[in-house]
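Worksheet: the structure to be examined is printed underneath.
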Amino acid sequence: MPMMSYIDAVTTALREEMERDERVFILGEDVGKRGGVFRATAGLYEQFGEARVLDTPLTESAIVGVAIGAAAYGMRPVAEIQFADFIFPATNQIISEAAKLYYRSNGTWKCPLVIRAPYGGGVHGALYHSQSVEKIFAGVPGLQIVMPSTPYDVKGLLKSAIRSDNPILFFEHKRCYRLIKDEVPQEDYTIPIGKADLKREGSDVTVITYGLPVHLTLEAAKDLEKEGISTHVLDLRTLVPLDREAVVEAAVKTGKVLVIHEDNKTGGFGGEVVATIAEEALFDLDAPIQRLCGPDVPAMPYNPILEKEFMLNKDKIANAIRELAEF
Amino acid sequence: MHRQRGLTDEQVVEMYRYMLLARKLDERLWLLNRAGKIPFTISCQGQEGIQVGAAFALDREKDWICPYYRDLALVLAFGQTVRDNMLAAFAKAEDPNSGGRQMPGHYGDTRYRILSGSSPVTTQVLHAVGIAYAGKLEQKDFVVLTSCGEGSSNQGDWHEACNFAGVHQLPVVFMVENNQYAISVPLEKQVAGENIAARANGYGFPGIQVDGNDPLAVYQAVKEAVDRARSGNGPTLIEAITYRLLPHSSDDDDRSYRSNEEVEMAKKKDGLLVFRNYLLENKLWTEQQDQELLAQIMEEINEATAYAEAAPHPNPTDLYKHVYV
Ligand SMILES: Cc1ncc(C[n+]2csc(CCOP(=O)(O)OP(=O)(O)O)c2C)c(N)n1
Ligand SMILES: [Mg+2]
Chain D
1 MPMMSYIDAV TTALREEMER DERVFILGED VGKRGGVFRA TAGLYEQFGE
51 ARVLDTPLTE SAIVGVAIGA AAYGMRPVAE IQFADFIFPA TNQIISEAAK
101 LYYRSNGTWK CPLVIRAPYG GGVHGALYHS QSVEKIFAGV PGLQIVMPST
151 PYDVKGLLKS AIRSDNPILF FEHKRCYRLI KDEVPQEDYT IPIGKADLKR
201 EGSDVTVITY GLPVHLTLEA AKDLEKEGIS THVLDLRTLV PLDREAVVEA
251 AVKTGKVLVI HEDNKTGGFG GEVVATIAEE ALFDLDAPIQ RLCGPDVPAM
301 PYNPILEKEF MLNKDKIANA IRELAEF
Chain W
1001 MHRQRGLTDE QVVEMYRYML LARKLDERLW LLNRAGKIPF TISCQGQEGI
1051 QVGAAFALDR EKDWICPYYR DLALVLAFGQ TVRDNMLAAF AKAEDPNSGG
1101 RQMPGHYGDT RYRILSGSSP VTTQVLHAVG IAYAGKLEQK DFVVLTSCGE
1151 GSSNQGDWHE ACNFAGVHQL PVVFMVENNQ YAISVPLEKQ VAGENIAARA
1201 NGYGFPGIQV DGNDPLAVYQ AVKEAVDRAR SGNGPTLIEA ITYRLLPHSS
1251 DDDDRSYRSN EEVEMAKKKD GLLVFRNYLL ENKLWTEQQD QELLAQIMEE
1301 INEATAYAEA APHPNPTDLY KHVYV
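Protein chains in written order, with this note's numbering: chain D, 1 to 327; chain W, 1001 to 1325.
If you want it as structure tokens, here you go:
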């Protein structure tokens, strides 16, 4: 099986889906000739032509609005928002239109749309190239939110997203793009949307997370093993629909739960995970549920000391797990 | 006159029929609202000529529309029935637009290629561009018409849509139904330059002002736009100038922001009356035919009202349907 980077898995999934289905097309800023500012669409313009790998004007609402129209017609657009931070001009189209088209038309108009966006910090991106935006959309029924952590999951989940008839936000942690490599089968495969993945079996503390912190947690867990602390790690992979069963099962496994995400704590998706556990497994817990999240400051600063202070890392995670283990 | 524009005698009579049908249906919806039978209505009165003129310029077998909440006459001409709209007014399960989920005036009908619309204004203008782009990818030759009010033409989505369609020379007709008001705010406080058609210059395609009280003039302007679009020559902006004869909606009281005299003046230029006179003067229509048509329409409206009022509501559990496919 070839080793593949996270971003190459994005490109591979896009290419294979475009080869498989003529209705799939890509639109966004600089996605064509340039192949995307992160190069996620590299080579696709050459292979599929400018009509199917469309360089749009610099207008996020139009990228999503045009994609919605095309999706309603019966195409399968994959819209790229260059940075998740710039999705906000399109929020009305996402929340008022994409999320509601199927519902408001009583199931007569569908919106098979994927919106891909790189998110997350740790790349010196400062306030407006580092944000996590999932909480803004996670409470909007009608949307689905996929946030893979590995190249294997990227390929399988992006394919599922493109084949789905629902509007899907597909958030890619940009720090993972070149950092994370993985064995990715050459064959066509899909991963069902809404299924979490158990990354590591453990008996002392359960960590529930998604995106970049999955990797940081696995590193921390390796170190903690030497101290005799055994960590159970669940990667949500999909926030909406949430794999409630897997969440509860993972929580019950150790009775001590740490929920981790880079998005800031207040209003973050972790609250939903915690509430789910509280609703369904409170009496199986041996300690108060803990959250380790980005701090409640407006965004991530440019200065490296401040950026580091904002970001999660292996040590912060190890400390949080250790504390919980000792409870 | 209509023959020079390429319309037959039968077609203009048919146009008049749709205009009168929309007007009478609209009047009934207000009555039902005032009688407390339906919570809300929003009016097309004064704008029927624009909508029917535009509909007849399109190919109603294959073209698409992304309308806005005043386009009752447009959706009727595209195939929806009085009953369909009554079912929406009463928010009944059988409402083809939304199964009673949306407020009336939020059209959407897969049968006639009427894309489902929402309440935030001009989101549909981008959808129209997307449909046109899909058509281009599939090498189809349909045209998409999308409409909105003049106040709404200030929204970012409207401008983004015009620019996108201009860049890619897409077969879209952008129609602005300029009825002088956006709820209470008059044109001069709404639109810098007060000329919406001129905005097309910035997007590299023609912008045409047309008398919205003259359905034949609208027909011709939209027909030229449709021909241009279908032959691959890109979008056109049509600004059809008219006057909103009634308050913004059943929840509005227009006496607080405009004078009765102003409204009365506008009523004299009501496109429905002007067009009716045109037909009578040109001996295409008689008073007697008019009375017969009116009786027929009223019967249709009465029947539809009774049907919709008696039609079943959705079940409470329908609330949970169609969140995801
Ligand atoms: C984004 C948004 N803002 C505000 C409103 C509330 N609203 C509904 S219609 C309207 C006025 C629209 O005026 P215009 O575009 O001229 O259309 P008209 O109603 O006159 O046909 C307003 C402010 C809305 N529906 N959407
Ligand atoms: Mg207006």
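Glycine included, C-beta positions come from ideal geometry on N, C-alpha and C.
If you're wondering where the values come from, they're calculated on a predicted model, not measured in any experiment.
8 Å CB neighbourhood of residue i in its chain, flanking five on each side removed
{"i": "aspartate 284 of chain D", "result": "Ala251, Val252, Gly255"}
{"i": "alanine 42 of chain D", "result": "Thr11, Gly35, Gly36"}
{"i": "aspartate 1318 of chain W", "result": "Ala1093, Gly1099"}
{"i": "threonine 209 of chain D", "result": "Thr217, Val233, Leu234, Asp235, Leu236, Val259, Ile260, His261"}
{"i": "arginine 175 of chain D", "result": "Gly120, Gly121, Gly122, Val123, Leu212"}
Rounded straight-line distance, which links the Cα of residue j to that of residue i
{"i": "lysine 1381 of chain W", "j": "aspartate 204 of chain D", "result": "No statement about residue 1381 of chain W is possible, as the shown extent of chain W runs from 1001 to 1325 and does not include it."}
{"i": "histidine 1002 of chain W", "j": "arginine 1023 of chain W", "result": "22 Å"}
{"i": "proline 40 of chain D", "j": "histidine 215 of chain D", "result": "Correcting the residue type first, residue 40 of chain D is alanine in the shown sequence and not proline. Going from the Cα of alanine 40 of chain D to the Cα of histidine 215 of chain D covers about 21 Å."}
{"i": "tyrosine 1203 of chain W", "j": "arginine 1101 of chain W", "result": "36 Å"}
{"i": "alanine 138 of chain D", "j": "glutamine 93 of chain D", "result": "15 Å"}
{"i": "serine 1152 of chain W", "j": "aspartate 296 of chain D", "result": "37 Å"}
{"i": "aspartate 1253 of chain W", "j": "glutamine 1291 of chain W", "result": "32 Å"}
{"i": "alanine 320 of chain D", "j": "arginine 1113 of chain W", "result": "56 Å"}
{"i": "aspartate 1084 of chain W", "j": "methionine 18 of chain D", "result": "39 Å"}
{"i": "glycine 228 of chain D", "j": "glutamate 187 of chain D", "result": "39 Å"}
{"i": "asparagine 1260 of chain W", "j": "proline 1247 of chain W", "result": "11 Å"}
{"i": "aspartate 8 of chain D", "j": "proline 151 of chain D", "result": "8 Å"}
{"i": "glutamine 1080 of chain W", "j": "leucine 1187 of chain W", "result": "31 Å"}
{"i": "glutamate 1299 of chain W", "j": "proline 241 of chain D", "result": "50 Å"}
{"i": "cysteine 1148 of chain W", "j": "proline 141 of chain D", "result": "28 Å"}
{"i": "asparagine 1179 of chain W", "j": "glutamate 1048 of chain W", "result": "12 Å"}
{"i": "leucine 198 of chain D", "j": "tryptophan 1030 of chain W", "result": "60 Å"}
{"i": "threonine 1305 of chain W", "j": "lysine 1269 of chain W", "result": "30 Å"}
{"i": "aspartate 30 of chain D", "j": "tyrosine 1107 of chain W", "result": "35 Å"}
Residue i: contacting residues in chain W (beta-carbon distance under 7 Å)
{"i": "glutamate 97 of chain D", "result": "Ser1118, Thr1123"}
{"i": "valine 66 of chain D", "result": "Leu1126, Val1129, Gly1130, Tyr1133, Phe1164"}
{"i": "methionine 147 of chain D", "result": "Going along chain W, no residue has its Cβ under 7 Å from methionine 147 of chain D, so there is no contact; the nearest lies around 18 Å."}
{"i": "alanine 51 of chain D", "result": "Leu1137"}
{"i": "lysine 155 of chain D", "result": "Here the premise fails: no neighbours, minimum Cβ distance about 23 Å."}
Cross-chain neighbours of residue i in chain W, by beta carbon under 8 Å
{"i": "phenylalanine 25 of chain D", "result": "Leu1137"}
{"i": "aspartate 182 of chain D", "result": "The contacting residues do not exist; aspartate 182 of chain D stays about 29 Å from chain W at best."}
{"i": "methionine 18 of chain D", "result": "Going along chain W, no residue has its Cβ under 8 Å from methionine 18 of chain D, so there is no contact; the nearest lies around 12 Å."}
{"i": "threonine 413 of chain D", "result": "This structure cannot settle anything about residue 413 of chain D, because the visible part of chain D is limited to 1 through 327."}
{"i": "threonine 56 of chain D", "result": "Phe1164"}
{"i": "glutamine 336 of chain D", "result": "Summary: the structure shown does not reach residue 336 of chain D, with chain D confined to residues 1 through 327, and so no result is reported for it."}
Residue i: contacting residues in chain D (beta-carbon distance under 9 Å)
{"i": "lysine 1321 of chain W", "result": "Tyr103, Asn106, Gly107"}
Residues near residue i by beta carbon distance below 6 Å, same chain, minus five either side
{"i": "isoleucine 317 of chain D", "result": "Leu216, Thr217, Ala220"}
{"i": "glycine 156 of chain D", "result": "Tyr189, Thr190, Ile191"}
{"i": "alanine 1240 of chain W", "result": "Ile1050, Glu1177, Val1210, Gly1212, Val1218"}
{"i": "glycine 211 of chain D", "result": "Met147, Ser149, His173"}
{"i": "tyrosine 128 of chain D", "result": "Asp85"}
{"i": "lysine 314 of chain D", "result": "Leu216, Glu219, Ala220"}
{"i": "alanine 1077 of chain W", "result": "Tyr1018, Val1052, Ala1055"}
{"i": "glycine 1271 of chain W", "result": "Gly1049, Asn1213"}
Cβ-based neighbour list, residue i, same chain, cut-off 7 Å, excluding 5 preceding and 5 following
{"i": "valine 1226 of chain W", "result": "Ala1057, Leu1058, Val1143, Val1173"}
{"i": "glycine 270 of chain D", "result": "Val259, His261, Arg291, Cys293"}
{"i": "phenylalanine 86 of chain D", "result": "Glu60"}
{"i": "leucine 1273 of chain W", "result": "none"}
{"i": "leucine 324 of chain D", "result": "Val205, Lys256, Leu258, Ala287, Gln290"}
{"i": "leucine 179 of chain D", "result": "none"}
Contact list for residue i against chain D, beta-carbon separation under 7 Å
{"i": "tyrosine 1324 of chain W", "result": "Asn166"}
{"i": "glycine 1204 of chain W", "result": "Under the 7 Å cutoff, chain D gives no residues; its nearest Cβ is about 12 Å from glycine 1204 of chain W."}
{"i": "glycine 1156 of chain W", "result": "Ser61"}
Near ligand 3: residue i beta-carbon under 6 Å from a heavy atom
{"i": "arginine 1070 of chain W", "result": "As far as ligands go, the structure on display features ligand 1 and ligand 2 and does not contain ligand 3."}
Where residue i meets chain W, residues with beta-carbon distance less than 9 Å
{"i": "lysine 159 of chain D", "result": "Within 9 Å Cβ-Cβ: nothing; lysine 159 of chain D doesn't reach chain W, min ~17 Å."}
Per-residue contacts from residue i into chain C (C-beta, under 7 Å)
{"i": "glycine 211 of chain D", "result": "The chain labelled as chain C is not found among the protein chains of the depicted structure, namely D and W."}
Query raised in the report: Of the residues that make up the stretch 1160 to 1179 of chain W, which ones have a beta carbon closer than 7 Å to any beta carbon in chain D?
Result: Glu1160, Ala1161, Asn1163, Phe1164, Val1167
Query raised in the report: Would you call the stretch 127 to 139 of chain D and the stretch 159 to 168 of chain D in contact, with 3 or more CB pairs under 8 Å?
Result: no
Report task. Please determine if the stretch 50 to 61 of chain D and the stretch 104 to 114 of chain D are in contact, where contact requires at least 3 C-beta pairs separated by less than 8 Å. Result -> no
Query raised in the report: Just checking, does the stretch 164 to 179 of chain D make contact with the stretch 11 to 28 of chain D on the three C-beta pairs under 8 Å criterion?
Result: Under the Cβ criterion (8 Å, minimum of three pairs), the stretch 164 to 179 of chain D does not count as touching the stretch 11 to 28 of chain D.
Query - Contact list for the stretch 1089 to 1121 of chain W against chain D, Cβ threshold 7 Å - result: Ser1098, Gly1099, Arg1101, Gln1102, Gly1108, Thr1110, Leu1115, Ser1116, Ser1118, Pro1120
Query raised in the report: the stretch 28 to 48 of chain D: which residues have C-beta closer than 7 Å to a C-beta of chain W, in chain order?
Result: Taking 7 Å as the Cβ-Cβ cut-off against chain W, none of the residues of the stretch 28 to 48 of chain D qualify.
Query raised in the report: Do the stretch 1105 to 1125 of chain W and the stretch 1157 to 1171 of chain W make contact, defined as three or more Cβ pairs closer than 8 Å?
Result: yes
**Report entry** Under 8 Å (Cβ pairs) to chain W, residues found in the stretch 185 to 196 of chain D
**Finding:** If the cut-off is 8 Å between Cβ atoms, the stretch 185 to 196 of chain D has nothing near chain W.
Query raised in the report: Is the stretch 1002 to 1011 of chain W touching the stretch 1256 to 1271 of chain W in the sense that three or more CB pairs, one from each, lie closer than 8 Å?
Result: With a cut-off of 8 Å, the stretch 1002 to 1011 of chain W and the stretch 1256 to 1271 of chain W do not count as touching, because too few Cβ pairs lie within range.
Report task. Give the residues from the stretch 113 to 145 of chain D that approach chain W closer than 9 Å (Cβ to any Cβ), ordered along the chain. Result -> Pro141, Gly142, Gln144
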